[in-house]
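Here the protein sequences come in this chain order: A and B. The first sequence begins at 598 in the numbering used here and counts up by one. The second sequence begins at 13 in the numbering used here and counts up by one. Just so you know, even glycine gets a beta-carbon here, dropped at the ideal spot from N, CA and C. Comments concern the structure below.
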Amino acid sequence: MFGLANRTQQPEKDYASCSGCGLCLLVCPVWRRSRDFGLTPLGRARALQHGAVAADIAESIQSCTLCAACEPVCPEDIALVAMTLDLRRQLAPPAAVQNVPARMEDQAAPPLAPRSSAAAVLLPGQGLRARPGTLARAATLLGGAGNLALAEDDGSDIALALEAGATVPAQRLERFLRPLRGLKTIVAADGLLLRQLQQWLPGSKIASLGVALSSLSAVRRALGASDLYVIESRAYHADYQRLVKHYDTLRADRGCAFNLDLQRIAIPATARSLAQRLGLAEIDDQVQTRWILQGRNVTRIVVESMDDAAAFAQVSALPVVHLADLADDGTS
Amino acid sequence: MHVTNVEPGTLGPCPVAPDALQGISRQQTNPARWNGPNWEEFCRAVRERGIEVRETVAARATFATDAGGTAYGLAHGVVIARSAGQVALLLQAAQQYRVPVTVCGGGLTTEGESVAFGGVLLDMTGMSRVLRIDAEALTVRTEAGIFWHSLAEELRRQDLDYLSAPLNLTSSVGGTLGVGGIDVNSARLGCSADQALALQVVTPTGEIVECSDTENAELFRRVILGYGQFGVITEATLRVRRYTPLRMHYFYYASLRTAIEDLQLLDRNDASDYSGILTIMDSAVNVLVAFDSNEREAAFMANWRPRLRGYGELGFGLRALGHYALRPWKLGEAWYLLQRKRELFPELQRAEYMRDGTMLERSVVFSRAVWKFWGSRQMVIPDLATSAPKFIEAVERGNAVCRRYFPHYTLYLVGIKLRPEHRAHYEMSCIPPDAEGWAYGCEFEPLLDDGVYSRDYLQSFKNEIYDIGVDMDASYYRFGGMMKGYIRRVFGDALVDRHLALKRAADPAMILNRHVIF
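Below, the structure written as structure tokens:
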């Protein structure tokens, strides 16, 4: 009953297949901040290959930001995010999330709103809910009330449990998934949840909020060559092969710059360890945001994620605009 | 069992079965583990100086092997390099307590050169910052633990690029300067180490010294291509250039000899900006050429393309079709060729790395392909480096060895333009002493796939390749670590003894990378 979240797709290859090439280091935000092999996927794989167990590398496991940048570059196709989540589950969950499964057991699922007959649903996540105006514009752009339901149960607690390595009670997961089954399109703002939804609901079209919005001509028209477009990394890397083409087309179409490195991997603007996500450690996104901005000549920062908007606002005087706010901010 | 104590700098008798290694006199080239006398005192001393030494299994296991995956060792402790001052304090203490220090950059050695068999593993990637970029003078000053790719990421923000680096994203600058480094533009720009203008080096006794061709020149000569024997490179000033995407062309040959002749023709005449050979199999050899500008490409097409004997992809495909139609018993070969074309070729032209027909990042494209198609937990890449006139014979002999040992293998061949003013750097290095104008290097890389090979089998293969080098008075890129038994055979006692005397003078306790060369 408590093991459903553990029955997500298991990696075909695990750390034992790591050949030690180190390509994951080059894209790892934890590496950029720490310059410490041990805190990277390579460090974890090497340690496990040579006799360490999860408890020996607990700091490394908890420091991973789950940005998933390492996955598309891995030549062995190791499912590195699944591997890290699996290792997290082998550790005792942090105190801050220990009672989350029990709370989820007790939680009643609110119905979909405004009506369950909509063909699409938006799972906005906490960040977007905190900005009702932006959320309303996103919902309108994506189809309006007639075509798009705004899910009140957007699985934020499930996303937190996944992140922390806590087990999601099967009953809670079923309550979350039941109303989503049969929907044509699910738009998810949370990149980690999106990755899991792709596995849980293989028949549905699962899109990130960024891709859904940036596919709209009203939004695309508002992008210009002097914009820096910041891709939300978790969602991008979860569907890299397809999305690298989506954003390449957008670049060719609008000429804007992206937070992509030379391997075409998204440099995450917010790279937070588990402790930082849980509010147990101070958040410091400046290494990442400064690196993204370094040497760039742009006049505006366009973000897909509200977390990224806050991170850039701390280090830059440039206007920071969410995609949903683009279409009516006067530039279109 | 009695294990003989071996004086650092000498090779002891080999205690394993006498015929375990073919073709070399019986010497112990796999180093004995340092057993740790004074380790506790050493750790106390360095910790008092503010240096963190990590002794957990997890920290040490991270560096248990290198890219070769055939040499395994465990350091007593790991130190992440953070500054030249910290490295200096570490080496001073290591001299005092006679604790070996093995330096690791990207860890891409294949013969165990960056594996610590006891003592300290010094992880240089902790020093990875770019310090200054001078876009007008076209130079960069960087910490030497940085990966070439990370350096490229920073340079590209100013529309700059490094001159030359190994086609491997996680090679470190310091490690490359210590051994040479080849790129597909080496026939024009020389080995990667040639782009170094100045270095900050921490000597084995812990002095921090700036050196260049004009300042502390002797140290500069010893450290460049010095296999880490004479100091730890902590910073480097490198020449850089304006970034240009590449216009890439591939030509296909059925004969290795013809392909090499054409490659050398192009190199001698400066006909392309990039050149090299990658073989798919003996009868499918790929010459790649590339250009930084439309003008150079157009000049090549007008003047040199007609003289090349290779085919384009379509022409070669039709020729192969006819060839295999008449030889149905070779259909297995044809199938392998087809598979390779289906899997590998698209990887070299992925849309996200191309724009308007040009390749944006050659190192990204080739490095990803190398790891995807050739990478595994073991990588065996013996090589030969010869003068231009000897090259064809060396490659053909090496290719024949590959054929006997493995069903599938790839040869990677490039020219290396020599700089006469750097001849002193080249002494006892991958540059063969008789090379004039260009040296040529060939890597012989078997595709191990899912095959299971014993270490002795792989070692025997490497020995047979290296015996060709001894026979032909050539040199090698990877002559350190487990292949160091060849150093005296190929360079001779007089030269090696002279370098050993220099090493003993610079490193009295023989603590720095003690197992790599001597």
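Asked	Found
Just the Cα atoms here: how many angstroms apart are Val400 of chain B and Ala412 of chain B?	Reading off the sequence, residue 400 of chain B comes out as Ala, not Val. Going by the C-alpha atoms only, they are around 19 Å apart.
Excluding the 5 residues flanking Val299 of chain B on each side, which residues of the same chain have their C-beta closer than 7 Å to its C-beta?	Phe263, Tyr265, Ala271, Asp274, Leu275, Ile289, Gly322
Ile529 of chain B by DSSP, collapsed to three states: which one?	coil
Counting along the chain, where does the beta strand (DSSP E) carrying Glu455 of chain B start and finish?	450-458
Would you kindly work out how many angstroms separate the C-alpha atoms of Arg354 of chain B and Ala296 of chain B, rounded to a whole number?	15 Å
Determine the burial state of Arg943 of chain A: buried for a count of at least 16 other Cβ atoms within 10 Å of its Cβ, exposed for fewer.	Chain A is shown from 598 up to 929; residue 943 of chain A falls before or after that span and cannot be answered.
Note down, in chain order, each residue of its chain lying with its Cβ closer than 6 Å to the Cβ of Glu67 of chain B, except the 5 sequence neighbours on either side.	Gly89
Residues bridged to Ser487 of chain B by DSSP?	B:Ala397
Leaving aside the five residues before and after Ile245 of chain B along the sequence, list all residues of the same chain whose C-beta is less than 7 Å from its C-beta, in chain order.	Ala156, Gly186, Leu189, Gly190, Leu211, Val213, Val235
In angstroms with no decimal places, state the Cα-to-Cα distance between Ile220 of chain B and Lys384 of chain B.	40 Å
Return the residue from the list B:Ala513, B:Pro257, B:Tyr452 that minimises the CA-CA distance to Gly192 of chain B.	B:Tyr452
Any Cβ of chain A within less than 8 Å of the Cβ of Ser140 of chain B?	yes
By alpha-carbon positions, which one of B:Gly463, B:Met293, B:Pro112, B:Met494 ends up nearest to Lys474 of chain B?	B:Met494
Using C-beta distances below 7 Å, list every residue in its chain close to Leu757 of chain A, excluding the 5 sequence neighbours before and after it, in chain order.	Val694, Val697
By the DSSP assignment, the alpha helix (DSSP H) with Asp279 of chain B in it spans what residues?	268-280
By Cβ distance, which residues of its chain are closer than 8 Å to Gln606 of chain A, with the 5 residues on each side in sequence left out?	Low confidence applies to Gln606 of chain A: its pLDDT is 48, below 50, so where it sits in the model is not reliable, and the reading given next is rough at best. Ala676, Ala679, Gln796, listed in sequence order.
Under 7 Å, CB to CB, which of the residues in the stretch 630-645 of chain A have a partner in chain B?	Arg632, Asp633, Phe634, Gly635, Gly640, Arg643, Ala644
Would Thr137 of chain B and Gly80 of chain B qualify as a contact pair, given that the criterion is a beta-carbon distance under 8 Å?	no
Kindly indicate which three-state DSSP category Ser814 of chain A falls into: helix, strand or coil?	helix
So which residues of chain A does Glu373 of chain B contact, with C-beta pairs closer than 7 Å?	Leu859
Just the C-alpha distance for Val91 of chain B and Leu133 of chain B, rounded to the nearest angstrom, thanks.	6 Å
Identify which residue in A:Arg685, A:Cys667, A:Ile889 has its Cα closest to the Cα of Ala872 of chain A.	A:Arg685
Go ahead and pull the three-state DSSP assignment for Arg319 of chain B.	helix
Is Ile675 of chain A close to chain B? Criterion is C-beta to C-beta, closer than 8 Å.	no
By the DSSP assignment, the beta strand (DSSP E) with Gly190 of chain B in it spans what residues?	First-last for Gly190 of chain B: 185-191, but that is the alpha helix (DSSP H), not the beta strand (DSSP E).
Would you decide whether Arg526 of chain B is buried or exposed? Buried here means 16 or more other CB atoms lie within 10 Å of its CB.	buried
DSSP puts Tyr264 of chain B in a beta bridge; with which residues?	B:Asn298, B:Tyr323
Which of the three DSSP states, helix, strand or coil, is assigned to Gln795 of chain A?	helix
With DSSP as the reference, label Leu859 of chain A as helix, strand or coil.	coil
Output the residue ranges of the alpha helix (DSSP H) runs that lie fully inside the stretch 602-684 of chain A and measure 4 residues or longer, sorted by chain position.	620-624, 626-631, 638-646, 655-660, 667-670
Interface residues of chain A around Val376 of chain B at Cβ under 9 Å?	Leu859, Gln860, Arg861
I want to verify the contact list: residues of chain B whose CB lies under 9 Å from the CB of Ser823 of chain A, in sequence order.	Going along chain B, no residue has its Cβ under 9 Å from Ser823 of chain A, so there is no contact; the nearest lies around 16 Å.
Among A:Val627, A:Arg874, A:Ser902, A:Ala908, whose alpha-carbon lies nearest the alpha-carbon of Asp754 of chain A?	A:Arg874
Select from the stretch 891-903 of chain A all residues with a C-beta closer than 8 Å to any C-beta belonging to chain B, and list them in chain order.	Gln891, Gly892, Arg893
DSSP state of Thr137 of chain B, grouped into three classes?	helix
Give the C-beta separation of Leu258 of chain B and Arg374 of chain B to the nearest angstrom, bearing in mind that I take them to be a contact with Cβ-Cβ under 8 Å.	6 Å
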